[in-house]
Amino acid sequence: MPKVAFIGAGSYGFTRRLVGDLLTYDAMRDADLAFMDVDAERLGRAETIVRALLENEGMAPERPLFTHDRDQAIEGADFVVNLVKIGMLPPSFADIDVPKKYGLKQTIGDTSCVAGVFRGLRTMPWAVQLCRDIEKLCPANAVVLNYTNPQAPLVMACAQTSRVPFIGLCHSVQGTTRAIAKYLDVPYDEMAFEAAGINHMSWVTKLEHEGQDLYPKLRQLVGDRGIYNQTDGEDDSVQPFLGPTRLDMLNRIGYAVTESSTHFAEYVPYYARTDELIETYRVSIDQYKRNMENKSKAAEEFYRKAQNNELPAVERSVEYGCRIINAMLTNEPDCVYANVMNDGLVTNLPRFAAVEVASLVDRNGVHPCRFGDLPTVCAGLCQMEVAVHQLAVEAVLERDRSKVYHALMLDPLTHSVMDLDDMKNLANELIDGQQEWLGEVFPMS
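So for the sequence shown, our numbering puts the first residue at 197; every next one is plus one.
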């Protein structure tokens, strides 16, 4: 019987979706499930929801383990699903609020810009230790399926410190390609596409339907400025629309990027540098805070339904995690997009980068596919972020505070707004203000 452990199980959205996905696969309906979270209230709510989902599907709701002990949860696990957010909302909000004093406005802050760097600094030490514990407590072929951001620095840090496969998963590629199919009025299952890059900045380089290139039609549609009136919606995590910055970039370079419009604005220096640009491209500053408020309301409503046995039947989501588990358990081949170490997969990005590429899955694991060269302009935009990722990883693994400052120096949006002294002062202010989570790696200055 396979064991699946969910770490950070208080994450309402992912836990709900992934448990629902598990129940749609015959190979996983008898899996041994363990759920761990350090927060008692969040774990309790997760327990109510999980037991209701199981009961709704005619399964024994008393079987899963719910615990605050991470080692107990992962012991013997074949698959460890990582959903943690170190420090929860207080440091994440500080990551967004403190830089405003220096003129920097951010949107989501989970991967890039100042907030993305600092989320990585808090999370990498934890992820490295998780992999070390998995080496001791889990089967030799155990796999981490990581949904925690920032994906790329976590994949890079864990690859340098552990033999455990640490697979970064997201819904950007499938979210974007589904949106494109909708715009083009093409059945998604009939559309062929290829994409590669880095997490939240992969590029769709091929779009076809029945052998016909769809890009001319998409570019013509994007040329109609009316489509720019679409917005990201209140929660950009599922990317229901393409949005202004992504469409503008597609117009300029010819390729669609796989991140939502408001989120993409943080990855490049072109759309959120000034208030005028923010207004022109309708960049939703502080969107992360609104997302958290909306998700809290949705979680409360779902929890109420779970308490009252009012949950709908589960439907399979677009997440890749359970598809990977099913393919590894049944040897039924599948193809997903995963974040893995490059090692020559994308030939014009550094080998040390973490890249997002198509990957085949079977009982032997996740096998990333060689992509080759990205279009030069796409690779160049990715390169800017890869350097930031590497410096953040080095900062943590070498315990070198100066490299935090260097990471901010190279971040595209940050250095387009702030001068060098302000970036150094900001780095020190955030490190010293987050000693609860960073003090072991970066002591007070």
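Using N, Cα and C, we set each Cβ at its ideal position, and we do this for glycine too.
A direct Cα-to-Cα measurement between F548 and L333 gives close to 28 Å. Using a 10 angstroms sphere on the CB of A452, the tally of other CB atoms reaches 16 or more, which defines it as buried.
Proximity of the segment 319-331 to the segment 616-632 falls short of the contact definition, fewer than three beta-carbon pairs being nearer than 8 Å. The segment 552-564 makes contact with the segment 521-539: 3 or more CB pairs, one atom from each, lie closer than 8 Å. The beta carbon of A509 sits closer than 6 Å to none of the beta carbons in its chain outside the five residues before and after it. Per DSSP, V324 is one residue of the alpha helix (DSSP H) stretching across 309-333. The three-state secondary structure of S207, taken from DSSP, is coil. Measuring C-alpha to C-alpha distances from G576 to each of L403, L279, Y463 identifies Y463 as the nearest. For P564, DSSP records a beta bridge to S555.
For the 8 Å CB-CB criterion, L606 and A583 form a contact. DSSP places F638 in the coil class of the three-state scheme, outside both helix and strand.
As DSSP reads the structure, F231 sits in a beta bridge with F202, F262.
Secondary structure of F548 (DSSP, three-state): coil. For Y467, same chain residues with a beta-carbon under 6 Å away, outside a window of 5 residues either side, are T441, A461, L473, Y477, V479 in chain order.
At the C-beta level, K491 and G240 stay beyond 8 Å of one another. Taking the CA atoms as reference points, L446 sits about 10 Å from L438.
A check of alpha carbon separations from V542 across Q416, K493, P564 identifies P564 as the nearest. Per DSSP, the continuous beta strand (DSSP E) segment holding E404 begins and ends at 397-405. Short of 7 Å from the beta carbon of R238, and not among the five residues preceding or following it, lie these beta carbons of its own chain, in chain order: G206. Taking all protein chains in view, the Cβ of P335 is surrounded by fewer than 16 other Cβ atoms within 10 Å, so the residue is classified as exposed. Considered as a whole, the segment 509-534 harbours 517-526 as its complete alpha helix (DSSP H) runs of no fewer than 4 residues, in chain order. Between the alpha carbons of Q408 and V400 lies a gap of roughly 15 Å.
In the structure shown, L341 adopts extended strand secondary structure according to DSSP, grouped into three states. Using a C-beta cut-off of 8 Å, the segment 242-260 makes contact with the segment 499-507, since at least three inter-stretch Cβ pairs fall below that distance. Burial check for T470: the Cβ neighbour count within 10 Å stays below 16, so the residue is exposed. Looking at the DSSP output, M387 sits in a beta bridge with H405.
In the three-state reduction of the DSSP assignment, I363 falls in the strand class, which pools E and B.
About 6 Å separates the beta carbons of Y343 and L365, which is inside the 8 Å limit, making them a contact pair. In this structure, T307 is the residue among T307, A495, A355 with its C-alpha nearest to the C-alpha of S368.
As computed with DSSP, V536 is found in a beta bridge with V551. In the DSSP assignment, V277 falls outside any alpha helix (DSSP H) and lies within the beta strand (DSSP E) extending over 275-278.
Taking 8 Å as the cut-off, the beta carbon of R266 is found no closer than this to the beta carbon of M224. Between V277 and D291, the gap from beta carbon to beta carbon reaches 8 Å or more. Residue state for A392 is assigned as strand, using DSSP reduced to three classes.
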